[in-house]
Amino acid sequence: MNRKDDGLDCRQALLWIEPSLDGELPQGDEALLRRHLESCPACAAERALAGEIQRELRALPLPECPPEVLERVRRAGAQGALVVPFPARRLRMALAAAVLALTVGGGAAWIIEIERREERASSEAVARATAEARFALAYVGRVSRRTGLELRDDMRQRMSVPAESQ
Amino acid sequence: MRTRAFRSLPILLLYILCILCAVAAQAQKRADPPGALPLGELGLFPREKLSVEIDLHGPLLRLIAGATKGDDPEFATMISGLQAIRLQVFPLAGADEATIKARIGRAVRWLEEQGWVSTVRMRDKDSEVYIYLKESGGKIVGLTVLALEPGREAALINIVGRIDPAQLGRLGQRLNLPQLERVPTKKPK
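Given below as structure tokens:
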């Protein structure tokens, strides 16, 4: 690699050949490279070879895309969906299902627990409740009996029938 | 991102629906049956001054029915058809009777407005007794007794469920003084 008087050495010139062929080299550098190639046959030969290779590569036929790949891409495009990697999607569904199951299961367990707590009365509580139920019904009996007696007395008074004769 | 949010929407809705169903089921279970009186709303007697307060509900009544099936089948049959038995006895000694009378009158008006049918209305200088029945689908589903004995006590009885008045009368007669003498102490609340 020798240094030329054009301000560009051959090593740098060789690095710039590819960007130059692709049209990506800035104008100032492009001018430097051009001047260097005019005065350096070795680099000019490299440039010619690289140009030839690029032309030949571009002349090659495009590879055919397999129809199933094309169809898959078309379907994804039609749905307007982002292609989510399969495991991530499954994980999300599994998480949603787990939350749903926990909620439904928890709710059901909560309701069952309330029912059980109500029914989990001790035998003493049942005996006490039985006494209370009997008491309440006896109270109804007492009120209705008293009402019946008073109604009967009232009827007797109205009909002027002496109570003693009944 | 938007598409992903839309795809999650049905799951979210299903989730909310499940919660609502559970809450609604629980609320339905807790809803008062047609023969039940809203005791809190009526505010008849101050609870802290009740001499007797009985409040028995479904599961406990089923246990009572099961426990008494062997030795008192009629009582067990009656209890098994009930959803609630509630009794409040308020001693009138030292209390403002006029206020209690007014409250009982208000409760009677409420019962009539709610479609309860008067069976007995007895008012004289010694006592007042009102017996009301609630019917639904041709069956008696509630019984309410409001009684006031001046100088002694006022009482409210509310029996909820399938009621056979004849059976209730028979039991009431049979469960006489021995039961009444064993007055249960007021439950701590």
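Protein chains in written order, with the numbering used here: chain A, 447 to 612; chain R, 9 to 197. Where a beta carbon is used, it is the ideal one built from N, C-alpha and C, also for glycine.
Within 7 Å, strictly: CB atoms of residue i and residue j
| i | j | result |
| --- | --- | --- |
| L467(A) | G497(A) | yes |
| F5(R) | A155(R) | Residue numbering for chain R in the displayed model covers 9 to 197; residue 5(R) lies beyond these limits and cannot be assessed. |
| G43(R) | G150(R) | yes |
| I93(R) | A555(A) | no |
| G180(R) | G587(A) | yes |
| H482(A) | A459(A) | yes |
| I139(R) | V125(R) | no |
| Q91(R) | G66(R) | yes |
Inter-residue Cα distance where the pair is residue i and residue j
| i | j | result |
| --- | --- | --- |
| K147(R) | L21(R) | 41 Å |
| D63(R) | A115(R) | 19 Å |
| D80(R) | I72(R) | 11 Å |
| G594(A) | L164(R) | 18 Å |
| E484(A) | P512(A) | 47 Å |
| P54(R) | S88(R) | 30 Å |
| R111(R) | S568(A) | 37 Å |
| R538(A) | L546(A) | 12 Å |
| R70(R) | P173(R) | 20 Å |
| L544(A) | L28(R) | In the sequence as displayed, the identity of residue 544(A) is Ala instead of Leu. Looking at the two C-alpha atoms, the distance is approximately 18 Å. |
| V60(R) | D132(R) | 25 Å |
| I167(R) | G102(R) | 29 Å |
| G113(R) | I171(R) | 25 Å |
Environment of residue i [buried if 16+ CB atoms lie within 10 Å]
| i | result |
| --- | --- |
| V515(A) | exposed |
| R493(A) | buried |
| G169(R) | buried |
| L479(A) | buried |
| A582(A) | buried |
| I558(A) | exposed |
| E120(R) | exposed |
| T576(A) | buried |
| A584(A) | buried |
| V519(A) | exposed |
| E49(R) | exposed |
| G453(A) | exposed |
| E136(R) | buried |
Nonlocal neighbours in the same chain, by C-beta distance under 8 Å from residue i, ignoring five residues either side
| i | result |
| --- | --- |
| D134(R) | E157 and P158 |
| Q175(R) | E82, T85 and M86 |
| D40(R) | P46 |
| R592(A) | none |
| K77(R) | A84 |
Per DSSP, the bridge partner or partners of residue i
| i | result |
| --- | --- |
| P99(R) | E161(R) |
| L141(R) | V125(R) and L151(R) |
| H65(R) | A92(R) |
| V60(R) | V97(R) |
| L156(R) | E136(R) and A162(R) |
| M130(R) | V137(R) |
| G169(R) | L90(R) |
Chain-order list of residues whose beta-carbon lies under 7 Å from that of residue i (same chain, five-residue window excluded)
| i | result |
| --- | --- |
| D475(A) | W462 |
| P487(A) | none |
| R129(R) | Y138 |
| L58(R) | Q96, V97, F98 and K194 |
| L495(A) | none |
Check: residue i C-beta below 6 Å from any heavy atom of the ligand ADP
| i | result |
| --- | --- |
| V572(A) | This structure lacks the ligand ADP, and indeed carries no ligand of any kind. |
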